[in-house]
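Residue numbers (my numbering): 3 to 322.
Ideal Cβ positions, reconstructed from N, Cα and C, are used throughout, including at glycine.
Model, not experiment: these values are computed from the prediction.
#1: Mapping DSSP to helix, strand and coil, what is residue 251?
#2: Quick one: residues in its chain with C-beta nearer than 8 Å to the C-beta of residue 288, no 5 flanking neighbours on either side, listed in chain order?
#3: For the alpha helix (DSSP H) containing residue 66, list its first residue and its last residue.
#4: Drop a sphere of 10 angstroms on the beta-carbon of residue 389, count the other beta-carbons inside from all chains shown, and report buried for 16 or more, exposed for fewer.
#5: Taking three-plus beta-carbon pairs below 8 Å as touching, is the region 208-216 in contact with the region 165-176?
#6: Please report the residue range of the beta strand (DSSP E) in which residue 238 lies.
#7: Report yes or no: do three or more beta-carbon pairs, one from the region 59-79 and one from the region 238-257, lie closer than 8 Å?
#8: Check this for me: beta carbons of residue 104 and residue 274, under 8 Å apart or not?
#9: Verify whether the separation of the beta carbon atoms of residue 178 and residue 150 is less than 8 Å.
#10: Would you mind reading off the limits of the beta strand (DSSP E) that contains residue 143?
#11: Taking the alpha-carbon positions, what's the residue 159 to residue 184 distance?
#12: Could you spell out where the beta strand (DSSP E) holding residue 172 opens and where it closes?
#13: Return the Cβ separation of residue 70 and residue 162 in integer angstroms, given the expectation that the two are a contact with Cβ distance under 8 Å.
#14: Would you identify the three-state DSSP class for residue 216, choosing helix, strand or coil?
#15: So what's residue 288 in DSSP terms, helix, strand or just coil?
#16: Starting from residue 118, trace the beta strand (DSSP E) both ways and give me its first and last residue.
#17: Give me the residue from 67, 157 and 277 with the minimum Cα distance to residue 111.
#18: Helix, strand or coil for residue 323, going by three-state DSSP, please let me know.
#19: Taking just the CA atoms, how far does residue 192 sit from residue 280?
#20: Excluding sequence positions up to five away, which residues of its chain have a Cβ less than 6 Å from the Cβ of residue 143?
#21: Following the continuous alpha helix (DSSP H) through residue 232, name the residue where it begins and the one where it ends.
#22: Per DSSP, which residues does residue 226 bridge with? Please list them.
#23: Just verifying my parser: in three-state terms, what is the DSSP assignment at residue 74?
#24: Going by DSSP, what residue range makes up the beta strand (DSSP E) through residue 114?
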């Protein structure tokens, strides 16, 4: 009989079967080295360190409106806030003085959010009366109501492509408000921060937000309506006070900067050759015109005349 040879790959019967469970081994000890702490910026500064990075104010409207600041402009309906904002936009685009104050020339972005058709009409008339070309002036517009949170990225891209901005105008705060309750401090603060974020666009522009006043506001109480956190967040509240003879641009409630003499405007009803209605008739609109010294003197004389008439009336009827 032949001797049987083992088949390759099979162990001899005398060899124990391989275990089917893990064989315990000595545990591997991993030594964890402590992480090197990242250096943290120093919080406490010396007096010299604190003032070392001071940036001198850069004024858009000399002595009043600073670059990289966010302001509101509050006025009652019909008191001239849009007219004044468009006048400032034109003067920035042209580099022209506003009254006796220097204006830095620069690029403007104007959000015509509340009534873009009205802004178009005013701008057409201003071009004729202020002698500028609408096709070449460095003023640009966003037309119609919008949610800044939804278009912020696109606005940033397009604004960066334009180049450095000097002024951004929001017309108006109410038309761009994204909260659910205008009187909510939380919603108002978020809205104010959204407005302020526009100062971070290329060029560090001034941001001017046109606001409606609180209900039943008088000329002594021209503050933006809504939660008080809005005015707490911005850098100043400019206001336009309308009288029979002029509109006075000053400030109310809060202003980060030096006090300044009010700037006086006339609100002129004007027409323009290019501004027609659907039947080809001239269409009037309103334009703010800075008052020169002669205009201011005439207004002062008129005010004194009115006072004299009142005093004479009282004199002539002492028992009234």
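So, from the listed chains and residues:
#1: strand
#2: 82, 85, 124, 269, 270, 271 and 272
#3: Taken as a continuous stretch (DSSP letters only), residue 66 belongs to no alpha helix (DSSP H), as it is neither H nor E.
#4: Absent from the structure is residue 389, since the part of the chain shown begins at 3 and ends at 322.
#5: yes
#6: 238-244
#7: yes
#8: no
#9: yes
#10: 141-145
#11: 29 Å
#12: 169-173
#13: Not confirmed; about 16 Å, so no contact.
#14: coil
#15: strand
#16: From DSSP, residue 118 is part of no beta strand (DSSP E) but of the alpha helix (DSSP H) over 118-131.
#17: 157
#18: A query on residue 323 cannot be resolved here, the shown segment of the chain reaching from 3 to 322 and no further.
#19: 42 Å
#20: 112 and 114
#21: 231-235
#22: 215
#23: strand
#24: 110-114
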